[in-house]
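Residue numbers (the working numbering): 794 to 965. Working notes, beginning with the structure itself.
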């Protein structure tokens, strides 16, 4: 009887220790309740979908059709949008800090007031885009992209306070 009681006590203690080890000591929540893997829309056709205001940190939209999708005021920080199609996509006020938006043809895309700080934008094309108030501080762009964007750059980002022209390094 004593052996059973000790075994049961050992089992209860083990379960308690394992559940405690899986919890964040600060929040008390289990890690799997706090840190979910990123959403993946890679190779998806999400044209016309409304993602406005949604938390999409580290979401994957690679090789996706993002035509006419609405990402206004969405948190896309760290998102991967490489090689996707963006035509008439709404990214007004979106947080794209450290996002990978490389090799993307952007046609009539609204990037007004977007935060593109430290974003990777190499080999993306900007055709008839609205970048009024966009913040490109630290964004990775090539010289041809910067020259092209400087032709239409104006305004100040409402969240970061950065001047669009200065964040691109446009000549005065």
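Just so it is clear, CB atoms sit at the ideal spot from N, CA and C, and this is done for glycine as well.
What are the residues that DSSP puts in a beta bridge with residue i?
i: residue 879; result: 899
i: residue 843; result: 863
i: residue 968; result: Because the chain spans 794 through 965 in this model, residue 968 falls outside it and cannot be assessed.
Would you mind reading off the limits of the beta strand (DSSP E) that contains residue i?
i: residue 937; result: Segment 936 to 943 is the alpha helix (DSSP H) holding residue 937; no beta strand (DSSP E) there.
Residue i: which of the options sits nearest, CA to CA?
i: residue 936; options: 888, 963 and 846; result: 963
i: residue 899; options: 861, 849, 953 and 841; result: 861
i: residue 952; options: 871, 866, 922 and 939; result: 866
i: residue 931; options: 914, 919 and 945; result: 914
i: residue 877; options: 871, 846, 890 and 857; result: 857
i: residue 896; options: 924, 919 and 840; result: 919
i: residue 890; options: 863, 947, 923 and 927; result: 927
i: residue 873; options: 863, 884 and 849; result: 849
i: residue 902; options: 836, 868, 923 and 912; result: 923
i: residue 909; options: 965, 845, 863 and 868; result: 868
i: residue 907; options: 833, 842, 840 and 846; result: 846
i: residue 883; options: 831, 854, 852 and 842; result: 842
i: residue 832; options: 893, 844, 871 and 852; result: 852
On the three-state DSSP scale, how would you describe residue i?
i: residue 832; result: coil
i: residue 913; result: strand
i: residue 814; result: Its pLDDT being 49, under 50, residue 814 is placed unreliably in this model, and the value from its coordinates should be taken loosely. Residue 814: helix per DSSP, three-state reduction.
i: residue 968; result: No answer is possible for residue 968: the residues shown for the chain start at 794 and end at 965.
i: residue 908; result: strand
i: residue 873; result: strand
i: residue 848; result: strand
i: residue 856; result: coil
i: residue 868; result: strand
How far does the alpha helix (DSSP H) with residue i in it extend, from its first residue to its last?
i: residue 920; result: Taken as a continuous stretch (DSSP letters only), residue 920 belongs to no alpha helix (DSSP H), being part of the beta strand (DSSP E) at 918 to 920.
i: residue 958; result: 957 to 961
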